[in-house]
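Chemist: Sharing a structure below in structure tokens format, with a few things to ask.
Residue numbers (the numbering used here): 706 to 1503.
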């Protein structure tokens, strides 16, 4: 709203022009500029009206529209009033008139045509300077978020302004709490000075939201011809934020400095708008937050790239390995107890070790590819070993079935030899190609012996038995009547094991082939095997046999007299006992005397680790004695799991339907049992401790009381609760993950900061969060650091 205030005197008077000059050419020329106060809207001018037809009056005078270069859209018609008039000397129709022109609202240079009775007679020029913004050196003005903004205003006129209110608008955000200099008191032009008066200090800082009312703008006073400094201490944070992106960014922007001059009468206000160019510099903290935000979004895009290019394939890879290991677990679970516990535990431990390795790294980590590659490289070996042990298991089952049918002991012995050879090789941690060939050959040979022999194999076996018969016949000097020439040591009890001559080859059957074919290779093998054991006993029997040898002769003779497979095995074991001079009774006596110890290797048990438990005698002879095999060692492992809330709650809900949770997890449904003087066991990852007990039974299947006469509760020779220590692999895997994340963070610091800085400084970059995520996703530098070179799964061409 433009309102008029009290008029002010002009600073200069017009100089009359010669009358001879053409009227149109003289208009405005030489007419002085009337200076108007910023808080006023009128001016007094003196103009010479030439060639008038009568004495001028106020009704004869009027003005046209006010023309202002700075305000081309201004539509104001000033009003003119005649104050004084006098005829110019030596003229009849020229009058010098004093006029008051009101309605001069335009700041800066302006002009208006003066009409006399509708005829333009002059152009009136005005200057309403207000305050002038001093140019910055260097340009433009710099506004720093943490240091503020300083502007200098000059008052080029001779007017004093007692109340000027100021507001600075940049990016549609106002700042009206600018502080100013304080001057001694000053009054209006022509007014008496006020004693001890001072200019109005800037009011207390106003919030930007309060700038809607001009009364909240800070005010100041400016003496005539003075300069004043405006200081913006705390610029609005919105100035330093790019509206398109929302980021704090250095930029050059246009603003508008608005000055409102309050008049002396009627509370009229005059507004001056000064355009200003500002270089906006955000604070370090704002830039840091922006860089952090941009870097976070870029990192989010990079992590999304990591997830899609690395984590998702790794998760699929991990699940595929899980399926393969689960299939391996099913296969190992089908292996029967006929296989030695060493091999069974070895397979399960290897599978669990691979599964633990599979879970040791997080699949979101790029290094999981190395972990997965190690598992993939080890899986074929594990599957190959499982297949070999399953073949071994099938062979052992067939062997067990064959022994119930009273087979040829020579074939059974050959099968057992092949199986033992293959089993010992399979117990090794790693096998070479030659050893794998050896295992396959031994298993194929054992399976071949258990199958129905071919005609060529039958003939070869008959030839083997024929050669054995010839050797026995020559050693015992069997005559044509089938009579054995036994030595003096064998006469007596051992004569009972000599077969009837009718059960041996006839006198004319020199090589025994016909007899072998008549009775069959199996029956012939049993008989010849018994005679071989008698021959071996003859060699082992000392010249001066003690009572122990004499006592065992009758048992040996009874076993050899009935040549079946079980008897022959017992007889062979008895021969070893006689040769070693260690009997079953001595073994039991040593156990009762406490001459045996439990050994555990390794001494510190950890999850998913093959552990060997052995009962070792202090007398080394007992550890390899055949009599030890007559005593059976029974192991029982009761593994107790660590307490787990989810498992405990689920178990209690399933069993009782309540929330009662025990202090300790229950004992497994079925304790794990093993037999043997040396067994292998492993503990799963969630096992806290294992209750281990050992008991012994004699050859008759009766449990041995240690010591003699003990109660049934004392039949257990050894009972121990062994703690299981946690594996280091999980902690090491977590440590490796965080170390890798630290390395990636350090490697990303420079390219991420560079990309964030470029993104912030690039005005063409969109500010949407998804655009920044896409930039981070597509950044080759970040992707190469995060993703790197991924190894393809095993068996996939690179």
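No residue lacks a Cβ here, since even glycine has one placed at the ideal position from N, Cα and C.
Could you pull the start and end residues of the beta strand (DSSP E) that residue 1385 belongs to?
Modeler: Counting along the chain, the beta strand (DSSP E) containing residue 1385 begins and ends at 1383-1386.
Chemist: Tell me which same chain residues have a C-beta within less than 7 Å of the C-beta of residue 1048, skipping the five on either side of it?
Modeler: Taken in chain order, the residues that qualify are 1094, 1128, 1131, 1132.
Chemist: In the stretch 927-1001, which residue ranges form an unbroken beta strand (DSSP E) of at least 3 residues, counting only runs that do not cross its ends?
Modeler: For the stretch 927-1001, whole beta strand (DSSP E) runs of length 3 or above, ordered along the chain, are 932-937, 956-967, 974-986.
Chemist: Considering Cα atoms alone, identify which of 780, 799, 1323 is closest to residue 755.
Modeler: Looking at the Cα atoms, 799 is the closest of the given residues.
Chemist: Following the continuous beta strand (DSSP E) through residue 818, name the residue where it begins and the one where it ends.
Modeler: 813-821 is the extent of the beta strand (DSSP E) around residue 818.
Chemist: Which whole runs of the alpha helix (DSSP H) in the stretch 1133-1196 are 4 residues long or more, in chain order?
Modeler: Listed in chain order, the complete alpha helix (DSSP H) runs (minimum 4 residues) inside the stretch 1133-1196 are 1138-1155, 1160-1181.
Chemist: Taking residue 780 as the reference, which of 804, 806, 789, 817 has the closest Cα?
Modeler: Residue 817 is the option with its Cα nearest to residue 780.
Chemist: Is the stretch 999-1012 close to the stretch 863-882, with three or more CB pairs under 8 Å?
Modeler: Not touching, per the Cβ criterion.
Chemist: Taking 8 Å as the cut-off, decide whether the C-beta atoms of residue 850 and residue 948 are in contact.
Modeler: Not a contact, by the Cβ cut-off of 8 Å.
Chemist: For residue 880, does the count of other Cβ atoms within 10 angstroms reach 16, so buried, or fall short, so exposed?
Modeler: Residue 880 should be labelled buried.
Chemist: By the 10 Å Cβ neighbour count, where 16 or more other Cβ atoms means buried, how is residue 1387 classified, buried or exposed?
Modeler: Looking at its Cβ environment, which holds 16 or more other Cβ atoms inside 10 Å, residue 1387 is buried.
Chemist: Which partner residues of residue 1305 appear in the DSSP bridge assignment?
Modeler: Answer is 1318, bridged to residue 1305.
Chemist: What three-state label does DSSP hand residue 799 in the structure shown?
Modeler: Coil at residue 799, not helix or strand.
Chemist: Under DSSP, the beta strand (DSSP E) around residue 865 begins and ends at which residues?
Modeler: Segment: none, residue 865 is in no beta strand (DSSP E) and carries neither H nor E.
Chemist: If I'm right that residue 1261 touches residue 1276 with Cβ under 8 Å, what's the distance once you round it to whole angstroms?
Modeler: That pair is a contact at about 6 Å.
Chemist: Determine which residues share a DSSP beta bridge with residue 1423 and list them.
Modeler: Paired residue(s): 1399.
Chemist: Do you know whose CA, among 1009, 872, 835, 950, lies nearest residue 860's CA?
Modeler: With distances taken between Cα atoms, residue 860 lies closest to 835.
Chemist: Nearest to residue 1292 by CA position, among 1280, 1324, 1266, 1313, is which residue?
Modeler: Looking at the Cα atoms, 1324 is the closest of the given residues.
Chemist: How big is the Cα-Cα spacing for residue 1384 and residue 1334?
Modeler: Those two C-alpha atoms are separated by around 14 Å.
Chemist: Which of helix, strand or coil does DSSP assign to residue 1126?
Modeler: Helix.
Chemist: With a cut-off of 8 Å, do at least 3 Cβ pairs link the stretch 1212-1220 to the stretch 1168-1181?
Modeler: Yes, they touch.
Chemist: Can the beta-carbon of residue 1381 be found closer than 8 Å to that of residue 1341?
Modeler: No; because the gap between Cβ atoms is not below 8 Å, this pair is not in contact.
Chemist: Can you give the Cα-Cα distance for residue 1405 and residue 1030, rounded to whole angstroms?
Modeler: Roughly 42 Å separates the two Cα atoms.
Chemist: Given that a residue counts as buried once 16 or more other Cβ atoms are within 10 Å of its Cβ, and exposed if not, what is residue 1021?
Modeler: By the neighbour-count rule (16 or more Cβ atoms within 10 Å), residue 1021 is not buried but exposed.
Chemist: Using DSSP with H/G/I as helix, E/B as strand and the rest coil, what is residue 1099?
Modeler: DSSP places residue 1099 in helix when its eight states are reduced to three.
Chemist: Give a single yes or no on whether residue 1240 has its beta carbon closer than 7 Å to a heavy atom of the ligand HEM.
Modeler: As far as ligands go, the structure on display features none, and thus does not contain the ligand HEM.
Chemist: Look at the alpha carbon of residue 930 and the alpha carbon of residue 858, and state the distance between them as a whole number of angstroms.
Modeler: In a straight line, the C-alpha of residue 930 is about 11 Å away from that of residue 858.
Chemist: Are the beta-carbon atoms belonging to residue 985 and residue 944 less than 8 Å from one another?
Modeler: Their beta carbons are under 8 Å apart, which means residue 985 touches residue 944 by this criterion.
Chemist: Decide if residue 977 is buried, meaning its Cβ has at least 16 other Cβ atoms within 10 Å, or exposed.
Modeler: It counts as buried.
Chemist: Span of the alpha helix (DSSP H) holding residue 1015?
Modeler: Careful: residue 1015 lies outside any alpha helix (DSSP H) and carries neither H nor E.
Chemist: Whole angstroms is fine: what's the gap from residue 1085's alpha carbon to residue 1102's?
Modeler: Each residue's Cα considered, the two are about 25 Å apart.
Chemist: Which two residues bound the contiguous alpha helix (DSSP H) that contains residue 1200?
Modeler: Careful: residue 1200 lies outside any alpha helix (DSSP H) and carries neither H nor E.
Chemist: If we count the other Cβ atoms within 10 Å of its Cβ and call it buried at 16 or more, is residue 918 buried or exposed?
Modeler: Exposed, since its Cβ has fewer than 16 Cβ neighbours within 10 Å.
Chemist: Taking 7 Å as the limit between beta carbons, can you name the residues of its chain near residue 1116, skipping five residues before and five after?
Modeler: Excluding positions up to five away in sequence, the list reads 1154.
Chemist: Excluding the 5 residues preceding and the 5 following residue 770 in the sequence, name in chain order all residues of the same chain whose CB lies nearer than 6 Å to its CB.
Modeler: Closer than 6 Å at Cβ, skipping near neighbours: 782.
Chemist: Where does residue 1469 fall in DSSP's three states?
Modeler: Any reading at residue 1469 is ruled out, since the residue's pLDDT is 49, under 50, leaving its predicted position unreliable.
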